[in-house]
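Residue numbers (our numbering), protein chains in the order written: chain X, 1 to 493; chain C, 1001 to 1493; chain B, 2001 to 2144; chain Y, 3001 to 3144.
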Amino acid sequence: MNDIASALAAPALTEAAIPAEIFHRMRAANLARWQTGAQVDFDASVAFHRALPPHKQLAVAMRRAHAERRCLTQPRGGVATLAMQKALMIALDREGLADIVPTTTDSYTRNEQFAAAQNGVNESERLERSLLNGFPIVNYGLAAGRELIEAIDKPAILLTGTAMPKLTAEIGFAAGYTGYLGSGIAYTTSYIKELSIEEGIRNYQYLDRLAALYAEHGVELHRRQPGFLTGTNIPPCIAIAICVLDCLLAAAQGVRHYGLELAQTLHLVQDAAAIAACETLAQEYLARKGYRDVFTPVTSLHWMGAWPQDEAQAATLVSYGGTLAAIGGAVSVTTKTTHEAHGIPTPLANAEGLRITRMAIYLARDIRLDGLPEYEREKDLIAREVRAIVDKVLEMGDGDVAVGTVRAFAAGVLDVPWSPNRHVKSRVMPARDAHGYLRIFDPGALPLPKDILEVHTDGLRARAAAQGVPYDRNLAIQSVYELSEPLARLMPN
Amino acid sequence: MNDIASALAAPALTEAAIPAEIFHRMRAANLARWQTGAQVDFDASVAFHRALPPHKQLAVAMRRAHAERRCLTQPRGGVATLAMQKALMIALDREGLADIVPTTTDSYTRNEQFAAAQNGVNESERLERSLLNGFPIVNYGLAAGRELIEAIDKPAILLTGTAMPKLTAEIGFAAGYTGYLGSGIAYTTSYIKELSIEEGIRNYQYLDRLAALYAEHGVELHRRQPGFLTGTNIPPCIAIAICVLDCLLAAAQGVRHYGLELAQTLHLVQDAAAIAACETLAQEYLARKGYRDVFTPVTSLHWMGAWPQDEAQAATLVSYGGTLAAIGGAVSVTTKTTHEAHGIPTPLANAEGLRITRMAIYLARDIRLDGLPEYEREKDLIAREVRAIVDKVLEMGDGDVAVGTVRAFAAGVLDVPWSPNRHVKSRVMPARDAHGYLRIFDPGALPLPKDILEVHTDGLRARAAAQGVPYDRNLAIQSVYELSEPLARLMPN
Amino acid sequence: MGARTLVTGVIGADTHIVGNRILSMALEEAGYRVIALGALTPATDFVKAAIETAADAILVSSLYGQGELDCRGFRDLCVEAGLDDILLYVGGNLVVGKQPWPEVERRFLEMGFDRAFPPGTRVEDALAALAADFDRRDGDPPPR
Amino acid sequence: MGARTLVTGVIGADTHIVGNRILSMALEEAGYRVIALGALTPATDFVKAAIETAADAILVSSLYGQGELDCRGFRDLCVEAGLDDILLYVGGNLVVGKQPWPEVERRFLEMGFDRAFPPGTRVEDALAALAADFDRRDGDPPPR
Ligand code: B12
Ligand code: B12
């Protein structure tokens, strides 16, 4: 199907906005791929969105929170059946006081295996427990989506970790979801094995073009980029470089409201610096490309790497995750739970994670690090790293972000650690240094200046020395496990 | 009994060390007050302490942690019977990874109602659950204490919130406890209604003289001052002023290892500033009085005011409590649990609180705020406040700390919020300001300079304005409840 | 009929004065005559004060967990002193540890308290209960 | 006898490659010949690879929770392909949500896996199990 879609799109890949009538034909082809696609009526959808009260519109909520320097809370959450999903979303809204209520789609839907998803629904109903890791919204279709939107009193966002978002997005927006998480570079490098970066970019150009179409009709949606990538020790410079590139691609399609996500490193100074640098750099490159009116709020994500089995240790990661987001000045935080290492949380555990986080935000609401020497240094470091990478990508694309990105991944100039995707070199190897900063052990072909790489290497050599272990790749592997280790090993008496 | 003891002491109150042979007679009289007193053999006790391995000596552990910039964890914990107490201490050591294991005495023992304590033990054995809020170590005596010390592989500290520590300390030290929490000013203002400040000071002069006697025999004990006072919104300047005065009184008796406790305000900057200022100011006044060799490590205490009933919110206070202690550079942290608002925690919940805290310390281990403008400002503010109070006290005592303290409380120059003690004016009223700092709403007769009081008043007026409430005493009462409020009220969507 | 008189205090060896003081202030503001005995108050002192002031109710606070021991026989003390049906409330963290409230409540009602209040009770709830109980009593015929 | 051959991969639509990759690296370092199929691998691809490489064992990873659906009939596929008694391991976060491990383990053993490994298993445990099972098999008479 993607081939048809891309055949319909501009023959050669470019960042340029998809022309209206080509997009029109692309949509028709897309919606024809599964029966529920036929339920989508664009004008009716626009009308529905316009009728939504402001407090159920995520774009409004994010702009307000940004203006008032508040940090909103949002969990993840998806289960197999409509009844279960409705109960979950209500619990997150009421018991969890979530400011933003999610619908996470299941992994069959993410890979457009709708028949398998249907089987998952049936089995879940038979066994009366969810056998899917998310809600198959494409199978359920428009009416079910509307039922969920009406069941809650908050804005809703679709979390669909996929490189193939086109049907899910059409149905989700039509149902009344006002937020959509996903992007062409980030998700293609992290959620799929065979799909090329080019295809992934094309698929999200469709989604961004669709969001822009809603905007043309007076409906501002919250598009969001999942900068967490593989969630596994992603150094801020890699996450932010890809945030910037995905953002430029979205802006080119006409998107003017684009959130940026950063997974926490769990180092207070590095995270605060990364959050600040992320928005500054996005705006810097948007301005360079001539976009002066794109809103780019930053969302901070609770630790995305391996979690400890001990729920006490996990509670700390949840609580600290709220602290980091608040002190970093994030506009929202995406929460996890004490069940993280074990499995998808129960609604109760999920709501509890939200409250732990919310309390942490309250306590740190007015704390900022501006003026702290170490913080200012780290911000500058990150900015220099990101510019080195992004400038090179733009150069390789002769100014075209889409083309530059594809070439850069082929060359390893853009690289993502621990990527499942065959089209990503995944040579870059991050590790945690002596002071808890995430640094780069092996840069692969990342175009980072020598003096910057020394900062990384020094910290990592210091760690190896402090632990009395050799300075080798095992540092990177140890760092994958580090925060999941039991305290008796992590911090013995 | 206290009358005899004080009659035996120097007739008029003074800070001067109790002369050896007078102290000898005081000890004899004291140990004769309850049968287990006869079990104390000083030389045998000294021998036992000398035979303890270093890792079971709290003085050694605190000095090491201070040198290595580590933050040790210590819970509270006391139950009625020996069997229960032993199981509790083993759980805290093994399940909680506590660096310091406590024995909290019950409130009858704290008030020397040993017959009532015995009844509590009997009832607890009959009903097979603890009806006492601590362990009655005086009733159980020396052998039981030794059994507890031998059951664990960590240093042990006695937590005995009392103005009458003389028998408990004799038996505790003899049993092999290497740490003792308590001081004449702090506990007399917070734990008793009728006893005069003078009596309380005399009682702790006895205890400090006893610790010094052990030191003379080559046994360094960890004495510690409970700067948390009434635990209810104590502004750092009041806590630290009393830390300094209690410390000077202990030094005068010959103590050279004296820990200082500060309850957390739950404001990151204020707490870090208070911890730093506390040690600096203690050393400043010790030097002024000519003591150059007193070790004064600071311990940070988890929130000591009213806790939320919601265990999710409580988990955040526990976790943040570890973060604040680590970032503040405290040498140890005293932990609470998710049960705090409900009742004395189960051993499991207590151990869980320790692990939540320990994980938080690990994550923030290398974070410091030095150079952060707001932090440096707050440190200076606290220093100026403390000097204003302490200098006035020393002046009122014509240089004698004991005399000055008694006169200062009579005049309200020294004052403690929410004190149960008739001899404390308790006119001072703290409240939380617009940015979460603990400030002083009504200073009573505290000798704080006008410009400083304005800093306090401005922040509180800002809060009243922000909340649209009148600027009155209710701010102080609201502030007592604030952190115990459910999130739906504290931070609505 | 003049203002009702209430005796308040924290029973036993219990130093927790904050909640009791806030409660006493709130009761005064609500128009009651309040005899506040403060922290660390023996059971007998409550009764003595109630007699001396012809109190209508005694509000006992216990936070530290040993209230289960301190409060035993409290009603008997009152009866012996001739305060057969003075209104008796108790509130706070009444027992040691987190225990199911209904069970704790039962224990204290069996001790003869008219009402027991769980941890974290707010003053509004205390005021409402007093108002209700006094109203009922005003309705009742005077005790024999 | 040459090095044992192992097929590894993450089954179904599951993208979680980190643990599977670390595991595969560790198996190679331990001297095994490892055919790593990576993430998002259909059950049939495991079997195909096992036949082509005459593998001694298949190590299936499933982290995302849908393994309970993806792994059904896995042993049957092997049997149909003539791999009647190839050693089958499965590990990861095998089911949706936090469920009691013994029950989860039973489910996967009933599907025909020789061993199932709980969340957070370390590579050492995997290596130890393989060594033990291969030793046992070396002892056994060759299958009919
Ligand atoms: C502050 C505090 C202290 C301060 C007290 C300062 C002072 N002089 O008042 C200090 C630090 C000195 C302290 C000491 C101790 N404390 Co303390 N303390 C607390 C804490 C954190 C808050 C209490 C508080 O002030 N709350 C705020 C006020 C406004 O609320 P309140 O007291 O609950 O009162 C309200 C309601 O209960 C109700 N109410 C109260 N009485 C009554 C009566 C009636 C009739 C009615 C209707 C309502 C009512 O109305 C009040 C106003 O809203 C609580 C835990 C918590 N709640 O978070 C522990 C707590 C009460 N303390 C406890 C203990 C055990 C102690 C100690 C024995 C030390 C120890 N072993 O750990 C010592 C006491 C020594 C002694 N001799 O009593 C335990 C009691 C355990 C239990 N019941 O199972 C608690 C619950 C903590 C815990 N979970 O372990 N403590
Ligand atoms: C990192 C991570 C991600 C990354 C993965 C990056 C990548 N491409 O690999 C990203 C962010 C992309 C991601 C995405 C998703 N994730 Co994820 N993720 C995690 C997380 C946090 C860590 C996983 C990890 O790398 N661990 C470190 C490695 C070293 O350990 P490991 O993977 O467990 O593997 C070890 C052992 O399990 C064992 N092992 C593994 N396989 C085998 C096989 C055999 C035979 C043996 C013997 C041993 C063995 O050895 C390995 C090495 O020690 C876990 C939660 C956790 N564990 O903390 C969730 C988790 C696995 N993810 C989960 C989910 C649901 C998802 C999503 C579906 C999104 C969603 N709905 O929330 C998507 C997946 C989409 C898709 N199509 O698959 C759930 C699974 C739920 C369940 N089973 O009930 C988890 C448990 C989180 C949770 N509690 O909800 N995730």
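For glycine and all other residues, C-beta sits at the position ideal for the given N, C-alpha and C. Note that this is a predicted model, so its numbers are computed, not measured.
| query | result |
| --- | --- |
| Member of 209/X, 124/X, 154/X and 70/X whose CA lies at the smallest distance from the CA of residue 17/X | 209/X |
| Residue 114/X (DSSP reduced to helix, strand or coil) | helix |
| Opening and closing residue of the beta strand (DSSP E) in which residue 1224/C lies | 1222–1225 |
| Residue 488/X - DSSP class collapsed to helix/strand/coil | helix |
| Bridge partners - residue 2115/B, DSSP secondary structure assignment | 2089/B |
| Which of helix, strand or coil DSSP assigns to residue 24/X | helix |
| Whole-angstrom distance between residue 2063/B and residue 3128/Y, CA atom to CA atom | 55 Å |
| Contact list for residue 455/X against chain C, beta-carbon separation under 8 Å | What residue 455/X touches in chain C: nothing, since even the nearest Cβ is about 16 Å away. |
| Nearest neighbour of residue 1276/C, chosen from 1325/C, 1185/C and 1339/C [CA to CA] | 1325/C |
| Interfacial residues, the segment 420–436 of chain X to chain Y, with Cβ spacing under 7 Å | 420 |
| CA nearest to the CA of residue 1154/C, picked from 1074/C, 1248/C and 1286/C | 1074/C |
| Contiguous beta strand (DSSP E) assignments of at least 3 residues, all confined to the segment 159–208 of chain X | 179–181 |
| Where residue 1404/C sits in the DSSP three-state scheme | helix |
| Contact list for residue 3014/Y against chain X, beta-carbon separation under 7 Å | 107 |
| Distance, residue 1105/C Cα to residue 998/C Cα | Past the edges of chain C, shown from 1001 to 1493, lies residue 998/C, and the structure says nothing about it. |
| Neighbouring residues, chain B, relative to residue 1110/C (Cβ below 8 Å) | 2013 |
| Any chain B beta carbon closer than 9 Å to residue 1441/C | no |
| Exposure label - residue 3092/Y; buried when at least 16 CB within 10 Å | buried |
| Distance, residue 396/X Cα to residue 403/X Cα | 8 Å |
| Rounded C-alpha distance that separates residue 458/X from residue 1416/C | 50 Å |
| Closer than 9 Å at the beta carbon, the chain B residues around residue 1130/C | 2065, 2096 and 2097 |
| Bridge partner(s) assigned by DSSP for residue 1332/C | 1072/C and 1299/C |
| Neighbour-count burial assignment, residue 450/X, 16 or more Cβ in a 10 Å radius | exposed |
| Any non-hydrogen atom of ligand 1 within 8 Å of residue 1136/C CB | no |
| Closer than 8 Å: residue 196/X CB and nearest ligand 1 heavy atom | no |
| Closer than 9 Å to chain X by CB, residue 3126/Y | no |
| Any chain X beta carbon closer than 9 Å to residue 1269/C | yes |
| Member of 1129/C, 1171/C and 1138/C whose CA lies at the smallest distance from the CA of residue 1118/C | 1138/C |
| Per DSSP, the bridge partner or partners of residue 430/X | 440/X |
| Distance, residue 1097/C Cα to residue 230/X Cα | 33 Å |
| Own chain, CB closer than 8 Å to residue 113/X, minus 5 neighbours either side, in chain order | none |
| CB contact check: residue 199/X to chain Y, cutoff 9 Å | no |
| Environment of residue 122/X [buried if 16+ CB atoms lie within 10 Å] | exposed |
| Residue 1026/C versus residue 1205/C: straight-line alpha-carbon distance, rounded | 11 Å |
| Contact with chain B by residue 1342/C, beta-carbon distance below 9 Å | yes |
| Pair within 9 Å by beta-carbon distance, residue 196/X and residue 226/X | no |
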